[in-house]
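Trainee:
Number of protein chains: 4
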Amino acid sequence: MKGLARTGKGQIGWVEKPRPSAGPRDAIVRPLAFAPCTSEIHMIWGEMGDFMPPDRIMGHEAVGVVDEVGSEVCDFSTGDRVIVPAITPTFGRVPAQRGFAQHCNGMCSGMPFCTAKDGVFAEYFHVNDADANLAHLPAGISLEQAVMIGDMMTTGFYGAELADVALGSTVAVFGIGPVGLMGVAGAHLLGAAQILAVGSRPNAVKVAREFGATEIIDYHNGDTVQQIMDLTDGEGVDSAVTAGGDVSIIGQAVQVLKPGGTLGNVNAMEHAENIPIPLAAWGSGLGDKTIRGGLCPGGRARMERMAALVKHGRLDPSLMLTHRFTNFADIEEALILMHEKPRDLIKPAVILE
Amino acid sequence: MKGLARTGKGQIGWVEKPRPSAGPRDAIVRPLAFAPCTSEIHMIWGEMGDFMPPDRIMGHEAVGVVDEVGSEVCDFSTGDRVIVPAITPTFGRVPAQRGFAQHCNGMCSGMPFCTAKDGVFAEYFHVNDADANLAHLPAGISLEQAVMIGDMMTTGFYGAELADVALGSTVAVFGIGPVGLMGVAGAHLLGAAQILAVGSRPNAVKVAREFGATEIIDYHNGDTVQQIMDLTDGEGVDSAVTAGGDVSIIGQAVQVLKPGGTLGNVNAMEHAENIPIPLAAWGSGLGDKTIRGGLCPGGRARMERMAALVKHGRLDPSLMLTHRFTNFADIEEALILMHEKPRDLIKPAVILE
Amino acid sequence: MKGLARTGKGQIGWVEKPRPSAGPRDAIVRPLAFAPCTSEIHMIWGEMGDFMPPDRIMGHEAVGVVDEVGSEVCDFSTGDRVIVPAITPTFGRVPAQRGFAQHCNGMCSGMPFCTAKDGVFAEYFHVNDADANLAHLPAGISLEQAVMIGDMMTTGFYGAELADVALGSTVAVFGIGPVGLMGVAGAHLLGAAQILAVGSRPNAVKVAREFGATEIIDYHNGDTVQQIMDLTDGEGVDSAVTAGGDVSIIGQAVQVLKPGGTLGNVNAMEHAENIPIPLAAWGSGLGDKTIRGGLCPGGRARMERMAALVKHGRLDPSLMLTHRFTNFADIEEALILMHEKPRDLIKPAVILE
Amino acid sequence: MKGLARTGKGQIGWVEKPRPSAGPRDAIVRPLAFAPCTSEIHMIWGEMGDFMPPDRIMGHEAVGVVDEVGSEVCDFSTGDRVIVPAITPTFGRVPAQRGFAQHCNGMCSGMPFCTAKDGVFAEYFHVNDADANLAHLPAGISLEQAVMIGDMMTTGFYGAELADVALGSTVAVFGIGPVGLMGVAGAHLLGAAQILAVGSRPNAVKVAREFGATEIIDYHNGDTVQQIMDLTDGEGVDSAVTAGGDVSIIGQAVQVLKPGGTLGNVNAMEHAENIPIPLAAWGSGLGDKTIRGGLCPGGRARMERMAALVKHGRLDPSLMLTHRFTNFADIEEALILMHEKPRDLIKPAVILE
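In structure tokens:
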């Protein structure tokens, strides 16, 4: 079968590999839609792929149809249409039993796609522990919507959850790429009253407002921190979601948090040894500003809840789809587009059906 | 009346001031025991007192007897023996209603002693909102125990609470000064199975073991982080309490946390612009390692709970009392002792009765 | 001044009383809008007023203008337009410090209106601890909206909060009177995907759908429990809010909860010694179905958050206003209407401006 | 192989069955120690076994040595000494991913022993998903201690956890059979200051005090509720654990809870349609008294934490072992003893090594 692989640092190319086979609890899935993600950009052009074997097939965002299931799989059959989470943990492991399946076999080990095996940009791909990780695609959800669920939606929402967004609160979301936009939507769905979204690209600004942003902070108009403080009468925000930028964004978010507030980071950062936390803004260590950052939890239960939100019309994540492709081979162009990040891009995806 | 004041940067001296008077909800208290704290050292010899008015009377740790109450005070009368919390918030304020009384009027504003008015190293001192902040000293608690409750115990315990210490978990406590020792005791009382205490002073090591430390990590024996990883089979700890050291301790604690673990800092840090969080150990931002740091909550309800623990024999905080003084004027020597930190010192206190 | 009072069991009438006066921290407020509530019906025609003194002025839902403030009030002045919460606790009390201000001086003591002093159906009324309990009425909120905040909205939302409504979950709301409707809206704002509302009155059904109900369960169509199980593929719901009916509703809610689910009751029940919890449905005691019931927390911080939701357009609680009156004396008719509960009634209110 | 089975309602007897075999992820374990439990009494002499097939081997509390592992088991080998939890869930199921593994395949389905397959009172027994459910028996824990971990300790502790026992709080524990005693120990380890244990058997009273009970409530001395209220100055308790008695105990516990308090039930109740919750004591539905009841969570992670507590000397659960047997066949006598409940019995066990 064919797959689009990282063929070396900064290089991609098509490879031919045998179709994967299913162990007793696994499934083999044929993609119906897939999308590239910033993580692939980090893996191919950044530091995150430095220890990868050559010709690793990329991709971890997909919706598909089950092509084969192992002998112990109970809930899925060939032909089922499924949402595939980016994170497919082994739920029996001790860290998973403690609530952190995404770190089931070591930090951030819950995503075997790309890191431990081939990814989803292939004619077929392998999903471990199908009963625990796949979710049936409900009727009434389009592929354009569904392909946003497995990573963008769950990751952005996780940012809002990490940030303890509360009913009637004020939230700042730093970054309005697709994860940040889903952070806006997550904060909205969790009951925020006021959502300040930091970003400037017109397409993204428009979608941010549709997802619930009440104010847009554009750094071209002055210091981000100052703008947020001004818009909140000098009080700052209850929660901050960081979903973009470099390590300095964490410090900005700490500065705008009220004492008692919480930061939820879902941005994978590179190119720095340390994240600097401003001591004064953190109350010399005593400000009761909680700093969290995590990997989106995957697995079936979470996918079902995400899908239920889309199915019941609570949000339409396909609003983020700015660049739609229709052929299998287009994933290469979509991936390059993600690398180049033209100003009108939010999220590209290949919809095969 | 007489009081021991900060008379200038790096200077202390006795001052004569009028006895304070009680507003309708306040109390005037005469000390039965008091103790100096590292915070005073920061205020007098460090940066934290740079904006203080001259001749501010120091001290925020005391047990006393009520000398006068305002007309609206219901639950306390002249002659009552009381525990005085270091933190005496205004509980009606909006941040207090949200659960952060210690930041009721702005970050860390919950301790008016020393920062907004004279402290407790005086013949009489003022307590705002007596019904909400004082706690009756129960029979069966000695002054030596009680003087540890209002700051050391509640602060150290808060570290363990911030760190989400869970039943059967493994906890590292960085620093075994009096706050760190109370962090050890707090982790023990919250059900930790294994407590790794970082420190080397023999007196403190002995008390740490009595409070529940199962292992002592001495930096003279090698890298602290490595020792903790070795003692936990490379897994690290579920919770870390930081209660001493400079800003670099936060990074060490992040390194030894498991994914999903939590850090609780109760150390007031100085002399740095930023706290560096090591990016790799924090999972590039995705490690689900929560970083908290806060000011001990004060108030009556918490004091009553702390006192109940001592009364029912759950711990004896007077084990930390290494230097006991008996005269009012001895507070000066106790304060200087705190500044000089001889190797056998854990905590000095003046017990007047 | 004039006020509408409970003049005896099952009797109401206008009384003349002196205008109340403000203690140092209190405010005297003149109503701009007020509304009767089922609680008054319980107090006048049910058991809840059995121990009330005669001629107690009724009413605890109001928006008003500050007419006088005590000497220690900082944040409010004569002429300020304010939202008045039904629950006005004393926040310094020990139970309040532990997070239960609504029970500050004993169970359900947080509402002095009607129970401990005259209520708001008067030309002027008294608010204790104004800084802690009043909230400024933000620009952009109508009186019709604002009068729903102080009890209906905060109470219904509290039901959803007690029920631990989670992102993407399925929720049943029993009862779609005004509190139940706010339970629907609260579940919606907290991120429920599917909301099953139990009720049948056409006006209320229409508003339930506008507030986010995805299905309506009408008991005329068969057994409520069975209908809910059918609509959830036999799985039941994650959360249940009970906001109406008699004690048997609790058992119904327990029956439809999944193991691990939570019930949040905000219905004041009468006319029974016990609430029966069905043993089998509660897993013989082991089903991990949490049963909560509580009084809405009041106070300023919560009012500000509720107001922020309305101000930022997250919901329009005035959709519940079916019977609008405009004269001060109309409160009598509104109260009788509440007692008679005609089929087209959701909520009556008197809007004076 | 031989096993002790329920041969009919109210009947036990030895049966001969083939040794079970291990699927790819399972283990076959040979017991080193086992113990009967009240659940078996319910299954044999009560209602809970009414739908069981004949000759079902009883028993769900055991420590053993691994005799065989399936091909996919990674962390255990033949000869390993292991703690076996009573509850051995399938952790990948959706309810488990939501935190309720004990209800993974329907309410209370997490214990296949006895209910879905043969139990542990046999020469060999089967454990599903060995890597997820077994825990290595650490050096330094005796079999007498270890045999208490898999059900008694985890169940009793779960009661204290359900009851939200907090640092410095007051807790009532209803029932001081082995689960109740572990409830006392759990409350103690979670930091309760005052623990009121309800019971009267002298052996159990003695052990309750060793586990941390500060007061014993004996119903022979008067009304239980009244005694608890008297001992708490009329305030009641913050948390209540119910671990014995009939359905009326829940009502008693609700009566002694403070507003804001929590009840944690771990008692499997029979012989009633409904549990009556006293309406007045529950604040007419508004008292903010949370009622929880659940099945102890099992699995490896929890067993490891329980074992760590014993290993580090935080408690000695073998204090409950009043009747020690040494031969395999003695389990019959131990089980009958559990049924007859002589006054000096706390817990019997068979220790085979």
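Protein chains in written order, with the numbering used here: chain A, 8 to 360; chain B, 8 to 360; chain C, 8 to 360; chain D, 8 to 360.
The C-beta atom is built at its ideal place from N, Cα and C for all residues, glycine as well.
#1: Please classify proline 349 of chain C as buried or exposed, where buried requires at least 16 neighbouring CB atoms within 10 angstroms.
#2: Given 8 Å as the limit, is there contact between the segment 140-149 of chain D and the segment 74-89 of chain D, that is, 3 or more CB pairs closer than that?
#3: Does chain B have any CB closer than 7 Å to the CB of threonine 297 of chain D?
#4: Are the Cβ atoms of serine 246 of chain C and threonine 269 of chain C separated by less than 7 Å?
#5: Excluding the five sequence neighbours on either side, which residues of its own chain have a C-beta within less than 7 Å of the C-beta of histidine 195 of chain D, listed in chain order?
#6: Look up cysteine 111 of chain B in the DSSP assignment and say whether it is helix, strand or coil.
#7: Check whether the segment 274-294 of chain A and the segment 280-296 of chain B are in contact - that is, three or more C-beta pairs closer than 8 Å.
#8: Thinking C-alpha only, which one of A:Asp240, A:Ser84 and A:Ala153 is nearest alanine 93 of chain A?
#9: Which stretch, first to last residue, makes up the beta strand (DSSP E) that contains alanine 153 of chain A?
#10: Only counting the same chain, and skipping five residues up and downstream in sequence, which positions put a Cβ closer than 7 Å to that of isoleucine 148 of chain C?
#11: Could you please tell me which residues of the segment 92-109 of chain B, in chain order, have their CB closer than 9 Å to any CB of chain D?
#12: Using only the heavy atoms of the ligand NAD, determine whether one of them is closer than 6 Å to the beta carbon of alanine 142 of chain D.
#13: Within a Cβ cutoff of 6 Å, which residues of the same chain sit near threonine 162 of chain C, ignoring the five residues on either side of it in sequence?
#14: With 7 Å set as the bound, which would you pick, yes or no: does the beta-carbon of alanine 194 of chain C sit closer than that to a beta-carbon of chain A?
#15: For aspartate 237 of chain C, does the three-state DSSP call read helix, strand or coil?
#16: Which residue marks the beginning of the beta strand (DSSP E) containing arginine 37 of chain A, and which one marks its end?
#17: How many angstroms separate the CA atom of leucine 352 of chain D from the CA atom of arginine 105 of chain A?
#18: What are the residues in the segment 282-295 of chain B lying within 7 Å of chain C by C-beta distance?
#19: Closer than 7 Å by beta-carbon distance: list the chain C residues that pair up with methionine 276 of chain D, in chain order.
#20: Using the three-state DSSP reduction, which class does leucine 203 of chain C fall into: helix, strand or coil?
#21: Three-state secondary structure (DSSP) at asparagine 135 of chain C?
#22: Is the beta carbon of valine 191 of chain C closer than 7 Å to that of alanine 180 of chain C?
#23: Just checking my contact of alanine 103 of chain B with cysteine 111 of chain B at CB under 8 Å: how many whole Å lie between their CB atoms?
#24: Where threonine 249 of chain A and alanine 129 of chain D are concerned, what is the direct C-alpha to C-alpha distance, given to the nearest angstrom?
#25: What is the rounded straight-line gap between the Cα of asparagine 135 of chain A and the Cα of phenylalanine 98 of chain A?
#26: Who are the Cβ neighbours of leucine 238 of chain B in its own chain at under 7 Å, not counting the five residues just before and after it?
#27: Pairs of beta-carbons, one from the segment 75-84 of chain A and one from the segment 35-44 of chain B, closer than 8 Å: are there three or more?
#28: Pairing CB atoms from the segment 16-34 of chain B with CB atoms from the segment 54-65 of chain B, are three or more of them under 8 Å?
#29: Would you kindly work out how many angstroms separate the C-alpha atoms of arginine 321 of chain B and alanine 167 of chain B, rounded to a whole number?
#30: Could you tell me whether the Cβ of methionine 114 of chain A comes closer than 7 Å to any Cβ of chain F?
#31: Going by Cα to Cα distance, which pick from C:Arg216, C:Gly305 and C:Ala356 is closest to tyrosine 165 of chain C?
#32: Looking at glycine 198 of chain C and leucine 197 of chain A, is the spacing between their C-beta atoms short of 7 Å?
#33: Closest by CA to alanine 211 of chain B, which one among B:Gly229, B:Ile183 and B:Met189?
#34: For aspartate 230 of chain D, count neighbouring Cβ atoms within 10 angstroms of its own Cβ and tell me buried if that reaches 16, exposed if not.
#35: Output needed for leucine 326 of chain D: all residues of its chain with C-beta closer than 7 Å, excluding positions within five of it in sequence on either side, in chain order.
#36: How about arginine 3 of chain B: is its C-beta nearer than 7 Å to some C-beta of chain D?
Mentor: Looking at the coordinates:
#1: Taking the third sequence and counting its residues from 1, one reaches residue 349 of chain C at position 342. When all chains shown are included, proline 349 of chain C counts as exposed.
#2: Flag = yes, the segment 140-149 of chain D and the segment 74-89 of chain D touch.
#3: As a first step, residue 297 of chain D must be located in the fourth sequence, where it is residue number 290. Threonine 297 of chain D does not count as touching chain B.
#4: The residue labelled residue 246 of chain C in the question sits at position 239 within the third sequence. The residue labelled residue 269 of chain C in the question sits at position 262 within the third sequence. With a cutoff of 7 Å on beta-carbon distance, serine 246 of chain C and threonine 269 of chain C are scored as near each other.
#5: Along the fourth sequence, read from residue 1 onward, the residue named residue 195 of chain D stands at position 188. Only residues of its own chain outside the window of five on either side were considered, and among them Ile202, Phe218 and Gly219 have a CB closer than 7 Å to the CB of histidine 195 of chain D, listed in chain order.
#6: As a position in the second sequence, residue 111 of chain B is number 104, starting the count at 1. Correct three-state label for cysteine 111 of chain B: strand.
#7: At 8 Å Cβ cutoff, the stretches touch.
#8: Along the first sequence, one-based indexing puts residue 93 of chain A at 86. Of the candidates A:Asp240, A:Ser84 and A:Ala153, the one whose C-alpha sits nearest the C-alpha of alanine 93 of chain A is A:Ala153.
#9: Within the first sequence, numbered from 1, the residue matching residue 153 of chain A stands at position 146. Per DSSP, alanine 153 of chain A belongs to no beta strand (DSSP E); it is in the alpha helix (DSSP H), 150-153.
#10: Counted from its first residue, the third sequence places residue 148 of chain C at position 141. For isoleucine 148 of chain C, where only same-chain residues beyond five positions count, the Cβ hits under 7 Å are Ala314, Val317 and Lys318.
#11: Under the 9 Å Cβ criterion, the segment 92-109 of chain B contributes no residue.
#12: By its list of ligands, the structure shown contains no ligand whatsoever, and the ligand NAD lies outside what it can speak to.
#13: As a position in the third sequence, residue 162 of chain C is number 155, starting the count at 1. Excluding sequence neighbours, threonine 162 of chain C sits near Val186, Val273 and Cys303.
#14: Taking the first residue of the third sequence as 1, we reach residue 194 of chain C at position 187. No, alanine 194 of chain C does not count as interfacial toward chain A.
#15: For the purposes of this step, residue 237 of chain C is taken as the residue at position 230 of the third sequence. The DSSP-derived three-state label of aspartate 237 of chain C is helix.
#16: Stepping through the first sequence from its first residue, residue 37 of chain A is reached at position 30. Where arginine 37 of chain A is concerned, the enclosing beta strand (DSSP E) starts and stops at 34-42.
#17: Stepping through the fourth sequence from its first residue, residue 352 of chain D is reached at position 345. Stepping through the first sequence from its first residue, residue 105 of chain A is reached at position 98. Taking the straight line joining both Cα atoms gives about 35 Å.
#18: Of all residues in the segment 282-295 of chain B, none is placed with a Cβ closer than 7 Å to any Cβ belonging to chain C.
#19: Locating residue 276 of chain D in the fourth sequence gives position 269, where the first residue counts as 1. Per Cβ cutoff of 7 Å: Leu286, Ser291 and Gly292.
#20: If you number the third sequence from 1, residue 203 of chain C lands on position 196. In this structure, leucine 203 of chain C counts as strand in the three-state DSSP scheme.
#21: Numbered from its first residue, the third sequence carries residue 135 of chain C at position 128. Taken through DSSP and simplified to helix, strand or coil, asparagine 135 of chain C comes out as coil.
#22: What you label residue 180 of chain C is simply residue 173 of the third sequence in a count that begins at 1. What you label residue 191 of chain C is simply residue 184 of the third sequence in a count that begins at 1. Here the sequence assigns valine to residue 180 of chain C, which means alanine is not the residue at that position. In this structure, valine 191 of chain C lies closer than 7 Å to valine 180 of chain C by Cβ.
#23: The count along the second sequence starts at 1 and reaches residue 103 of chain B at position 96. The count along the second sequence starts at 1 and reaches residue 111 of chain B at position 104. Taking C-beta atoms under 8 Å as the contact rule, alanine 103 of chain B and cysteine 111 of chain B qualify, at a distance of about 5 Å.
#24: Counting from 1 along the first sequence, the entry for residue 249 of chain A is found at position 242. Counting from 1 along the fourth sequence, the entry for residue 129 of chain D is found at position 122. Distance between threonine 249 of chain A and alanine 129 of chain D, taken at the CA atoms: about 56 Å.
#25: Residue mapping note: residue 135 of chain A aligns to position 128 of the first sequence, counting from 1. Residue mapping note: residue 98 of chain A aligns to position 91 of the first sequence, counting from 1. Taken atom to atom, the span from the alpha-carbon of asparagine 135 of chain A to that of phenylalanine 98 of chain A is near 11 Å.
#26: Here residue 238 of chain B is taken as the residue at index 231 of the second sequence, counted from 1. Within the same chain, Cβ atoms closer than 7 Å to the Cβ of leucine 238 of chain B are found at Leu203 and Glu222, the five residues on either side in sequence being excluded.
#27: By the criterion of at least three beta-carbon pairs nearer than 8 Å, the segment 75-84 of chain A is not in contact with the segment 35-44 of chain B.
#28: The segment 16-34 of chain B vs the segment 54-65 of chain B: in contact.
#29: On the second sequence, residue 321 of chain B is found 314 positions in, with the first residue counted as 1. On the second sequence, residue 167 of chain B is found 160 positions in, with the first residue counted as 1. Their backbone Cα atoms lie some 16 Å apart in a straight line.
#30: Here the protein chains are A, B, C and D, and chain F is not one of them.
#31: Position 158 of the third sequence holds residue 165 of chain C. Of the residues C:Arg216, C:Gly305 and C:Ala356, the one whose Cα lies closest to the Cα of tyrosine 165 of chain C is C:Gly305.
#32: Walking along the first sequence from the start, residue 197 of chain A turns up at place 190. Walking along the third sequence from the start, residue 198 of chain C turns up at place 191. Glycine 198 of chain C sits close to leucine 197 of chain A, with the two beta carbons spaced by under 7 Å.
#33: For this step, residue 211 of chain B is matched to residue 204 along the second sequence. It is B:Ile183.
#34: Residue mapping note: residue 230 of chain D aligns to position 223 of the fourth sequence, counting from 1. Label assigned to aspartate 230 of chain D: exposed.
#35: Position 319 of the fourth sequence, counting from 1, holds the residue named residue 326 of chain D. Hits under 7 Å: Val214 and Glu217.
#36: The structure shown does not extend to residue 3 of chain B, since chain B is modelled only from 8 to 360, so the question has no answer here.
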